[in-house]
Amino acid sequence: MAVEVRIPTILRTFTGGEKKVDGSGATLAQVIDDVDSRHPGLKARLVESDNLRRFVNVYVNDEDVRFSGGLEAPTADGDVVVVLPAVAGG
Amino acid sequence: MVRYNSLADSVGHTPLVGLPSLSPSPTVRLWAKLEDRNPTGSIKDRAALSMIRVAEATGQLRPGATILEPTSGNTGIALAMAAKVSGYRMICVMPENTSVERRQILAMWGAEIVSSPAAGGSNEAVRMAKELAAEHPDWVMLYQYGNPANAEVHYLTTGPEILEDLPEVTHVVAGLGTTGTLMGIGRFFADKSPEVKIVAAEPRYGELVYGLRNLDEGFVPELYDPQYVTSRFSVGSRDAVRRVRELLEREGIFAGLSSGAIVHAALAQAVKAEKAGERADIVLIICDGGWKYLSTGAYAADLDTTEDFLDTQVWA
Numbered sequence: 011m012a013v014e015v016r017i018p019t020i021l022r023t024f025t026g027g028e029k030k031v032d033g034s035g036a037t038l039a040q041v042i043d044d045v046d047s048r049h050p051g052l053k054a055r056l057v058e059s060d061n062l063r064r065f066v067n068v069y070v071n072d073e074d075v076r077f078s079g080g081l082e083a084p085t086a087d088g089d090v091v092v093v094l095p096a097v098a099g100g
Numbered sequence: 488m489v490r491y492n493s494l495a496d497s498v499g500h501t502p503l504v505g506l507p508s509l510s511p512s513p514t515v516r517l518w519a520k521l522e523d524r525n526p527t528g529s530i531k532d533r534a535a536l537s538m539i540r541v542a543e544a545t546g547q548l549r550p551g552a553t554i555l556e557p558t559s560g561n562t563g564i565a566l567a568m569a570a571k572v573s574g575y576r577m578i579c580v581m582p583e584n585t586s587v588e589r590r591q592i593l594a595m596w597g598a599e600i601v602s603s604p605a606a607g608g609s610n611e612a613v614r615m616a617k618e619l620a621a622e623h624p625d626w627v628m629l630y631q632y633g634n635p636a637n638a639e640v641h642y643l644t645t646g647p648e649i650l651e652d653l654p655e656v657t658h659v660v661a662g663l664g665t666t667g668t669l670m671g672i673g674r675f676f677a678d679k680s681p682e683v684k685i686v687a688a689e690p691r692y693g694e695l696v697y698g699l700r701n702l703d704e705g706f707v708p709e710l711y712d713p714q715y716v717t718s719r720f721s722v723g724s725r726d727a728v729r730r731v732r733e734l735l736e737r738e739g740i741f742a743g744l745s746s747g748a749i750v751h752a753a754l755a756q757a758v759k760a761e762k763a764g765e766r767a768d769i770v771l772i773i774c775d776g777g778w779k780y781l782s783t784g785a786y787a788a789d790l791d792t793t794e795d796f797l798d799t800q801v802w803a
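Sequence lines, in order, name chains A and B. Residues in the first sequence are numbered from 11 upward in steps of one, following the working numbering. Residues in the second sequence are numbered from 488 upward in steps of one, following the working numbering.
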């Protein structure tokens with residue numbers, strides 16, 4: 011088991027076109043570091059000065075991590091991390 | 488008193504109805520606020536009429552003016568009705584991948600529709616509308632994403648209505664689009680009853696809608712202030728459709744797809760409270776009825792077919 015990380019179209023150049031990659035770690039930050047070790051450059055597109063970039067939304071099991079600890083949000087095997095660009099509704 | 492001087496005056500004061508079948512127990516209860524009972528059938532009547540009223544009062548909107556608005560449907564429909572009655576010209580910029588019913592209803596109230604490309608969803612509609620506004624400085628863009636009158640109306644009406652009807656409310660779950668509903672309700676409860684949890688349900692679309700050229704084209708509405716939200720959930724089309732069907736079968740309520748996403752997030756809160764042994768009275772917003780979504784197959788086709796169809800659509 012691992013943490014599944016779903017990559018939006020716009021960032022798949024970093025994953026060789028893969029829609030989802032596996033990661034491991036007890037926090038979102040650790041998972042991102044782990045994934046970045048195999049797909050270098052990805053982290054820099056998601057994180058800026060230890061915060062998520064403004065137009066990036068990250069969800070762990072569908073919950074927006076900005077309300078559950080940010081990069082320190084806990085993760086566990088079997089969790090699904092979804093990365094999406096921020097878009098308008100309404 | 489349910490007598491009003493005009494249709495526009497009848498906005499708001501919507502019923503709050505219990506959901507006895509979907510509520511998990513007598514101490515964890517769900518309540519639906521039926522915003523489809525507004526003049527044009529959605530919660531957006533509140534924001535649209537409020538933005539028009541303020542723009543008229545400040546002189547920004549004068550007789551014979553042209554209103555321009557980026558919208559995925561309901562705000563445009565609400566503005567179109569008000570524009571028709573008041574003699575304004577109405578132009579909506581709307582993503583081309585929205586349901587046919589929205590176009591039919593907009594046309595019915597005389598609105599002109601400029602279609603924005605499917606890829607990029609509402610972001611593209613916002614971008615195109617801003618370009619058009621720059622080219623036509625005499626047109627009035629009320630701009631629901633940044634207009635304080637959008638959030639303000641929920642602070643002044645939706646929030647107080649909920650608290651008056653259900654003083655024991657513990658959670659309010661609403662949709663996140665322009666963020667106007669959540670910002671207004673959130674700010675109201677932060678002032679009056681800060682222990683109430685404000686939960687956002689955000690539709691998760693298919694890949695096409697997130698098809699931006701680069702991340703810097705992302706969009707966060709100017710109205711959005713995360714301090715008024717307790718938690719925020721992303722809900723895909725499959726769960727949203729599953730929940731509108733449950734709502735229909737178990738409670739008899741015929742709701743639109745964004746309401747399905749809201750029901751999904753509300754039920755998650757209910758399960759959490761039940762597990763923790765806590766009392767909960769959870770208000771969820773029914774944003775609109777299902778009429779505008781019949782053509783999507785949401786109420787009849789098998790779930791896989793509906794999910795495949797909605798994958799390319801701005802469905803909420």
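Built from N, CA and C at the ideal position, the CB exists for glycine as well.
Secondary structure of residue i, DSSP reduced to three states
i, result
"residue 684(B)", "strand"
"residue 721(B)", "strand"
"residue 109(A)", "Given a span of 11 to 100 for chain A in the structure shown, any question on residue 109(A) remains unanswerable."
"residue 658(B)", "strand"
"residue 603(B)", "strand"
"residue 791(B)", "helix"
"residue 508(B)", "coil"
"residue 444(B)", "What is shown of chain B runs 488 to 803, which leaves residue 444(B) out entirely."
"residue 64(A)", "coil"
"residue 728(B)", "helix"
"residue 633(B)", "coil"
"residue 79(A)", "coil"
"residue 514(B)", "coil"
"residue 33(A)", "strand"
"residue 519(B)", "strand"
"residue 95(A)", "strand"
"residue 713(B)", "helix"
Between the CA atoms of residue j and residue i - distance to the nearest angstrom
i, j, result
"residue 538(B)", "residue 13(A)", "45 Å"
"residue 771(B)", "residue 72(A)", "18 Å"
"residue 80(A)", "residue 596(B)", "45 Å"
"residue 607(B)", "residue 801(B)", "10 Å"
"residue 92(A)", "residue 38(A)", "11 Å"
"residue 46(A)", "residue 26(A)", "13 Å"
"residue 712(B)", "residue 678(B)", "15 Å"
"residue 744(B)", "residue 34(A)", "35 Å"
"residue 518(B)", "residue 741(B)", "15 Å"
"residue 620(B)", "residue 63(A)", "29 Å"
"residue 15(A)", "residue 21(A)", "12 Å"
"residue 582(B)", "residue 724(B)", "18 Å"
"residue 65(A)", "residue 665(B)", "15 Å"
"residue 95(A)", "residue 600(B)", "27 Å"
"residue 646(B)", "residue 609(B)", "27 Å"
"residue 705(B)", "residue 490(B)", "45 Å"
"residue 719(B)", "residue 74(A)", "5 Å"
"residue 617(B)", "residue 18(A)", "26 Å"
"residue 626(B)", "residue 548(B)", "9 Å"
At least 3 beta-carbon pairs within less than 8 Å: the stretch 45–55 of chain A vs the stretch 686–700 of chain B: no
Residues, ordered as in the chain, of the stretch 697–719 of chain B that lie near chain A by beta-carbon distance below 9 Å: 697, 698, 699, 700, 701, 702, 703, 704, 705, 706, 707, 708, 713, 716, 717, 718, 719
Inter-stretch contact at 8 Å, needing at least 3 Cβ pairs: the stretch 572–581 of chain B / the stretch 548–556 of chain B: yes
Where the stretch 58–79 of chain A meets chain B: residues whose CB sits under 9 Å from a CB there: 63, 64, 65, 66, 67, 69, 72, 73, 74, 76, 77, 78
Segment contact, 8 Å Cβ cut-off, at least three pairs: the stretch 681–690 of chain B with the stretch 745–753 of chain B: yes
At least 3 beta-carbon pairs within less than 8 Å: the stretch 502–509 of chain B vs the stretch 622–639 of chain B: no
Inter-stretch contact at 8 Å, needing at least 3 Cβ pairs: the stretch 666–678 of chain B / the stretch 636–651 of chain B: yes
The stretch 603–619 of chain B touching the stretch 586–593 of chain B, judged by at least three CB pairs closer than 8 Å: no
contact_flag[the stretch 782–801 of chain B, the stretch 759–773 of chain B] where n(CB pairs < 8 Å) is 3 or more: no
Residues from the stretch 588–619 of chain B in contact with chain A, defined by Cβ distance under 7 Å: 608, 609, 610, 613
Where the stretch 642–675 of chain B meets chain A: residues whose CB sits under 9 Å from a CB there: 662, 663, 664, 665, 666, 667
Within the stretch 538–616 of chain B, ranges of the alpha helix (DSSP H) (whole runs, at least 4 residues): 561–573, 587–595
Residues within the stretch 12–26 of chain A neighbouring chain B, beta-carbon criterion of under 7 Å: 18, 19, 20
Interfacial residues, the stretch 80–98 of chain A to chain B, with Cβ spacing under 9 Å: 92, 94, 95, 96, 97, 98
Touch test, the stretch 529–548 of chain B against the stretch 491–502 of chain B, Cβ-Cβ under 8 Å, three pairs minimum: yes
Interface positions of the stretch 779–803 of chain B facing chain A (Cβ-Cβ less than 9 Å), listed along the chain: 801, 803
Where the stretch 673–694 of chain B meets chain A: residues whose CB sits under 9 Å from a CB there: 687, 689, 690, 691, 692, 694
Selection of the stretch 42–55 of chain A by Cβ proximity to chain B, strictly under 8 Å: 55
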